[in-house]
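Engineer:
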Amino acid sequence: MLDVHPSTSFTFLETLTIASFGANDWKLDDLVRLFELTPNLVRCTLPNIDVRTSRSDHDLPIVILPNLHSLEFGDSVVRDGLTTGNDLLRHLTLPALETLAVPLYVASFDDFSLFLRRSAPPLRSLLLGCGLYKIRFPQLHECLRLLPSLTHFDLCAPFAALDADLFAALVDSEFLLPNLQSLKIQSQALFHHSSLHQTVLQVLSARHPQLVCFHLCAKQHRPDTEILDGLRQLAADGMEIFIGKSWKKNYMSI
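Numbering follows my numbering, with no gaps: position 118 of the sequence shown is 121.
(1) Would you please state the rounded distance, in angstroms, between the beta carbons of residue 67 and residue 48? I believe it to be under 8 Å.
(2) For residue 111, report the span of its alpha helix (DSSP H) as first-last.
(3) Quick one: what's residue 76 bridged to in DSSP?
(4) Reducing DSSP to helix, strand and coil, say where residue 34 ends up.
(5) Less than 8 Å between the CB atoms is what I'm expecting for residue 122 and residue 100, so what's the real figure, rounded?
(6) Between which residues of its own chain and residue 83 is the CB-CB distance below 7 Å, once the five residues before and five after are set aside?
(7) In the structure shown, what three-state DSSP assignment does residue 257 receive?
(8) Going straight from the alpha carbon of residue 154 to that of residue 32, what length do you get?
(9) So is residue 65 buried or exposed if we call it buried at 16+ other beta carbons inside 10 Å?
(10) Residue 184 and residue 215 - do their beta-carbons sit closer together than 8 Å?
(11) For residue 208, which residues in the same chain have their Cβ closer than 8 Å to its Cβ, ignoring the five residues on either side in sequence?
(12) Give every residue of the same chain whose Cβ lies closer than 6 Å to the Cβ of residue 118, excluding the five residues on either side of it in the sequence, and list them in chain order.
(13) With distances taken Cα to Cα, identify the nearest neighbour of residue 112 among 133, 124, 126 and 244.
(14) Beta-carbon separation of residue 76 and residue 106 under 8 Å?
(15) Taking just the CA atoms, how far does residue 200 sit from residue 175?
(16) Please classify residue 20 as buried or exposed, where buried requires at least 16 other C-beta atoms within 10 Å of its C-beta.
(17) Could you give the uninterrupted runs of the beta strand (DSSP E) lying entirely in the region 186–241, keeping only those of 3 residues or more?
(18) If you follow the beta strand (DSSP E) that residue 245 is in, where does it begin and where does it stop?
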């Protein structure tokens, strides 16, 4: 339990790192109280934190941190009634947020969408770590369309094979992530869509030269020679491209 004097306020605190204490994990209400005491926070890191929630948490207030530019969670997993700190987003409004790294689980895409609508942040860098076995594109699309300012998007989804809908949407809609410069996707799941690499080439061609970096590290077959030729032409024009099964094997170089 967070025990501070009622008059305590960390008004001048700008950088905060919150660590896990093993068996003494944080309670959500204590975290919310802590953020209430740090109104001028600029950067916050929660490298490996588990948060205990309770039925009374829905009564917690929503805290506005008008100066918070960077919020980065770790990659801890859901276990034994514990959740990663992304539950905290339900109780935060961050109108100045530019960098966010957060793990999402189960139905938390809905909570994330509500957070984005409430905060309307000028987000530039987003790293989504995902423990889902299946990512439903409409949920992801709902979140991404709320982030027109985004320039760097990383999706690390170890168990989930994202379907080709995301890439198709990036080709068809100039309004989805219009400022995107870097797109990185990492998964251990199998990408088995026969038209995946063709759609990827269409995305990179349509977004060139603004898009300068693309990584797709997942279980996938080698792109056809014609597609590889197109990708290599984009690489020759200055785009950083990685496509492979693991970081040790880039189809672009073999």
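Cβ coordinates follow ideal geometry from the N, Cα and C atoms, glycine included.
Structural biologist: So, from the listed chains and residues:
(1) Between residue 67 and residue 48 a beta carbon distance of about 20 Å is seen, past the 8 Å cut, so the two are scored as non-contacting.
(2) It spans 111–122 - the alpha helix (DSSP H) in which residue 111 sits, taken as one unbroken run.
(3) Bridge partners of residue 76 according to DSSP: 49.
(4) Collapsing the DSSP output to three states places residue 34 in a helix.
(5) About 6 Å separates the two Cβ atoms, so the contact holds.
(6) Interpretation of residue 83 is limited by its pLDDT of 38, a score under 50 that renders its predicted location unreliable; no figure is taken from the coordinates.
(7) Looking at residue 257 - three-state DSSP - the assignment turns out to be coil, as it is neither helix nor strand.
(8) Each residue's Cα considered, the two are about 33 Å apart.
(9) Residue 65 comes out exposed.
(10) Yes, the Cβ-Cβ distance between residue 215 and residue 184 is below 8 Å.
(11) Excluding sequence positions up to five before and after residue 208, its CB lies within less than 8 Å of the CB of 233 and 237, all in the same chain and listed in chain order.
(12) Hits under 6 Å: 92.
(13) Nearest C-alpha to residue 112: 133.
(14) Cβ atoms of residue 76 and residue 106: closer than 8 Å.
(15) Cα-Cα distance, rounded: 16 Å.
(16) Note on residue 20: under 16 other CB atoms within 10 angstroms of its CB, so exposed under the neighbour-count rule.
(17) Whole beta strand (DSSP E) segments, 3+ residues: 216–222.
(18) Counted as a single uninterrupted DSSP element, the beta strand (DSSP E) harbouring residue 245 occupies residues 243–247.
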